[in-house]
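Taking it in order: structure first as structure tokens, then the write-up.
There are 2 protein chains.
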Amino acid sequence: MRIGDLSAATGASARSLRYYEEQGLLSSSRSGGGQRHYPDSAVERVSLIQALLSAGLTSATITDVLPCISNEAIRTPWLAERLTSELDRVTRQIEDLHRTRDILAGLVDRYRVE
Amino acid sequence: MRIGDLSAATGASARSLRYYEEQGLLSSSRSGGGQRHYPDSAVERVSLIQALLSAGLTSATITDVLPCISNEAIRTPWLAERLTSELDRVTRQIEDLHRTRDILAGLVDRYRVE
DNA sequence: CTTGACCCTCACATCGGTGTCAAGTTTTAC
DNA sequence: GTAAAACTTGACACCGATGTGAGGGTCAAG
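Protein chains in written order, with the numbering used here: chain A, 17 to 130; chain B, 17 to 130.
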């Protein structure tokens, strides 16, 4: 599939897809004329990238962390730490967000009732 | 208390506290020499601001939403909608984050076991 | 007083992902 | 074979909260 198709399939803009590639998160083959072609599996990969980005991982961090999905060789203890610490961060983020949601819910409630 | 004290009490930098004031999120009285003074209650207000900011509310949104805590008069139906839609957004954000956490947890697990 | 710690305003810098525009090339459909 | 749609690279802009630094006041303890 070409970049427009992948964009349509994932919701990521073509600009973003090129950026992901530039950052080493995503790879593509090129047609004779230089246009990018993606395998169907790219859709899932982009979704994963999007999820991790929206969780606050940096593209550099994702670059470090993503290969371990497909490439067994790159697994190092250092990477395990990295993954765990990101997991902890996200977990904390969820907890904070729960508190904030309660605050907002309280506001809504108070607004409704009084 | 002065800005340094409030900063120490909340973890927000003095820069941020001035910014909050500039955006209309926080008010202060001034000493003769022009230095800011805050009541003790400012600590809680700043915590609230921090929570809402970290939940992804914009300072402009918070400006709209915060007054309804202290000022009954400003409550409008429009504000109710606003609050509710922010609440929904945060709720969705939490759900997304749960999925992402599961992804990360899966990576950690896979890393451990294999 | 004086001195050191604290505070003031103003302005510019930073970060990271994305938008957007320009000028040019490739692909597709008729 | 031609036009339209889609793609390419490159560069600059933006957002929004915060950092940072300059140059200059204020406050409190000695």
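We treat Cβ as the ideally placed atom computed from N, Cα and C, and that holds for glycine. These numbers were taken from a predicted model, which means no experiment stands behind them.
According to the neighbour-count rule (16 or more other Cβ atoms, all chains shown, within 10 Å of its Cβ), is R46 of chain A buried or exposed?
In the first sequence, the residue the question calls residue 46 of chain A occupies position 30. R46 of chain A should be labelled exposed.
For D80 of chain A, which residues in chain B fall below 9 Å Cβ to Cβ?
Walking along the first sequence from the start, residue 80 of chain A turns up at place 64. Simply none; closest approach about 12 Å.
Below-7 Å beta-carbon distance, R98 of chain A vs any chain B residue:
The count along the first sequence starts at 1 and reaches residue 98 of chain A at position 82. So, not an interface residue.
Could you check the C-alpha separation between L33 of chain B and Q39 of chain B for me, to the nearest Å?
One-based indexing of the second sequence puts residue 33 of chain B at position 17. One-based indexing of the second sequence puts residue 39 of chain B at position 23. When rounded, the distance between both Cα atoms is 10 Å.
Any chance the segment 68-80 of chain B sits against the segment 95-107 of chain B, with 3 or more Cβ pairs inside 8 Å?
yes
For a test of the three-state rule: what should DSSP assign to R31 of chain A, helix, strand or coil?
Here the question's residue 31 of chain A lines up with position 15 in the first sequence. Three-state DSSP puts R31 of chain A in a helix.
Kindly list, in the order they appear in chain A, the residues whose Cβ is closer than 7 Å to that of A121 of chain B.
Mapped onto the second sequence, residue 121 of chain B falls at position 105. By Cβ distance, chain A contributes L103.
Just the Cα atoms here: how many angstroms apart are G50 of chain B and R18 of chain B?
In the second sequence, residue 50 of chain B corresponds to position 34, counting from 1. In the second sequence, residue 18 of chain B corresponds to position 2, counting from 1. So the two alpha carbons sit approximately 11 Å from each other.
Take the Cβ of T116 of chain B as the centre, count every other Cβ of all protein chains shown within 10 Å, and call the residue buried at 16 or more, exposed below.
Residue 116 of chain B sits at position 100 when you count from the first residue of the second sequence. So T116 of chain B counts as buried.
Could you compute how far the alpha carbon of W94 of chain A sits from the alpha carbon of Y127 of chain B?
In the first sequence, counting from the first residue as 1, residue 94 of chain A sits at position 78. In the second sequence, counting from the first residue as 1, residue 127 of chain B sits at position 111. Looking at the two C-alpha atoms, the distance is approximately 12 Å.
Could you have a look at S45 of chain B and say whether DSSP puts it in helix, strand or coil?
Indexing the second sequence from 1 puts residue 45 of chain B at position 29. In this structure, S45 of chain B counts as strand in the three-state DSSP scheme.
State the Cα-Cα distance for the pair L41 of chain B and E60 of chain B, rounded to the nearest angstrom.
Residue numbering aside, residue 41 of chain B sits at position 25 when the second sequence is read from its first letter. Residue numbering aside, residue 60 of chain B sits at position 44 when the second sequence is read from its first letter. Whole-angstrom Cα-Cα distance: 13 Å.
Option in B:T107, B:L64, B:Y35, B:D21 with minimal Cα separation from H53 of chain B:
In the second sequence, the residue the question calls residue 53 of chain B occupies position 37. Residue B:D21 is the option with its Cα nearest to H53 of chain B.
From A:S43, A:L64, A:A25, residue whose alpha carbon lies closest to that of D112 of chain B:
Within the second sequence, numbered from 1, the residue matching residue 112 of chain B stands at position 96. Of the candidates A:S43, A:L64, A:A25, the one whose C-alpha sits nearest the C-alpha of D112 of chain B is A:L64.
Can a CB atom of chain A be found closer than 7 Å to the CB of L41 of chain B?
Taking the second sequence and counting its residues from 1, the one referred to as residue 41 of chain B is at position 25. L41 of chain B does not count as touching chain A.
Environment of S15 of chain B [buried if 16+ CB atoms lie within 10 Å]:
Because residue 15 of chain B is not part of the residues shown, which for chain B are 17 to 130, the question remains open.
Let me make sure I understand the geometry here. Which of A:D118, A:R108, A:E97, A:R98 has the alpha-carbon closest to that of T107 of chain B?
As a working mapping, residue 107 of chain B is identified with position 91 in the second sequence. Comparing Cα positions, the closest option is A:D118.
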